[in-house]
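Position one of the sequence shown corresponds to residue 2 (the working numbering), numbered consecutively onward. Even for Gly, the Cβ is constructed at its ideal location relative to N, Cα and C. What you are looking at is a predicted structure, and each value in this text was computed from that prediction instead of being measured.
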Amino acid sequence: MIFMLAGTSDARELAIKLEGNGRKVIATVVTESAAKSLSEAGIKTNIGRLTKEQMTDFIKENQFQAIVDASHPFAEEASKNALSAADASGIPYIRYERASQTFSNPLVTMVQDYEEAAKLAREKRGVIMLTTGSKTLGIFTKHLLGLENTRVVARMLPRLDNMEKCQALGVEQKDIIAMQGPFSKELNIALIHQYKATLMITKESGKVGSVDEKLEAALACGIETIMIARPKIQYENMHSSFEGVIEDLASKLTI
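Given below as structure tokens:
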């Protein structure tokens, strides 16, 4: 039995491949929509964020043989908890992460974290299209809301808790794009034009994370992009292909 951190489209495909290779999987996800997507593929799921202790208890309860961490490249806390839980439980930890991309364009600025992105955006001002989700929204509102000649347009999943967070942080309804992706290049361009955006902020989530479509849209519109680099985590047994994960599991597990 494999304990899998999932929630992205490529994680779903990996879970299906693992089960197709005879590995029973229980996946943990954060949202109901992610759970539904996995359940429709026949993957058993657990919903909710787990601490290291909760993961350790879950591993013991289900007698998992290994952890496959296929969480989002920016789910830093979840990955650290999984690494610690695997170590505490004495089972292998294997990381799947979609391949990184490099960007070389004068309109693209790479930064190391959300705070640096917010501070740089504060210098640039204008109409800022924020496509980094709701989790770190407070970092940007702290630096940018109420700033002269600045409007923050926040794009996120259309969930009640997200709307409540926007309200609590002072993001007005007219500045919220509540939509679920994937977003095509053409739709990104349309949104940039609709809101007259002058700057986009996004994360280096990889091609599967639709970074290409966002960046190509921003470049086509001639606006700047602030790109947040992935967290620097010392992963064990890291792979950017499904085959690498499957082969690593086979080498580490006798059953």
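About 12 Å separates the Cβ atoms of Val-246 and Val-26, ruling out a contact at the 8 Å cut-off. In its chain, beyond the 5 residues on either side, Leu-138, Gly-139 and Thr-142 have a beta carbon closer than 7 Å to the beta carbon of Leu-170. The DSSP-derived three-state label of Tyr-97 is strand.
Taking 8 Å as the upper bound for CB-CB distance, Val-112 and Ala-118 are in contact here, some 5 Å apart. For Thr-142, there is no enclosing beta strand (DSSP E); the enclosing alpha helix (DSSP H) covers residues 138–145. The DSSP assignment places complete beta strand (DSSP E) segments of no fewer than 3 residues inside the stretch 20–53 at 26–30 and 45–48, in order along the chain. For Ile-224 against Leu-131, the beta-carbon gap comes to about 13 Å, at or over 8 Å, which does not count as contact. According to DSSP, Ala-221 shares a beta bridge with no other residue. The stretch 170–190 makes no contact with the stretch 79–92; the number of CB pairs closer than 8 Å stays below 3. Considering only Leu-220, Ala-179, Pro-183 and Phe-184, the residue with the shortest C-alpha distance to Ala-198 is Leu-220. Residue pairing by DSSP places Lys-204 opposite Ile-229 in a beta bridge. Three or more beta-carbon pairs separated by less than 8 Å link the stretch 147–156 to the stretch 170–180, which places the two stretches in contact. Between the stretch 43–62 and the stretch 11–31 there are three or more inter-stretch CB-CB distances shorter than 8 Å, so the stretches are counted as touching. The straight-line gap separating the alpha-carbon atoms of Met-5 and Glu-149 is approximately 46 Å. About 6 Å separates the beta carbon of Gln-181 from that of Pro-159, a gap short enough to meet the 8 Å contact definition.
In terms of Cβ geometry, Ile-3 and Phe-65 form a close pair [threshold 9 Å]. For Phe-4, the uninterrupted beta strand (DSSP E) segment begins and ends at 3–6. For the pair Asp-213 and Lys-186, the CB atoms are nearer than the 9 Å cut-off. For Ser-38 and Thr-32, the gap between their C-alpha atoms comes out near 10 Å.
Contact check for Leu-200 and Ala-122: beta-carbon distance about 6 Å, within the 8 Å limit, so the pair qualifies. In the structure shown, the three-state DSSP call for Gly-182 is coil.
Collapsing the DSSP output to three states places Thr-57 in a helix. Inter-residue distance for Leu-250 and Met-239 is about 12 Å (C-alpha atoms, whole angstroms). Beyond the five residues adjoining it in sequence on each side, Gly-49 comes within less than 8 Å, by CB distance, of Thr-29 and Val-31 in the same chain, given in chain order. Exposed is the label assigned to Glu-244, since fewer than 16 other Cβ atoms lie within 10 Å of its Cβ.
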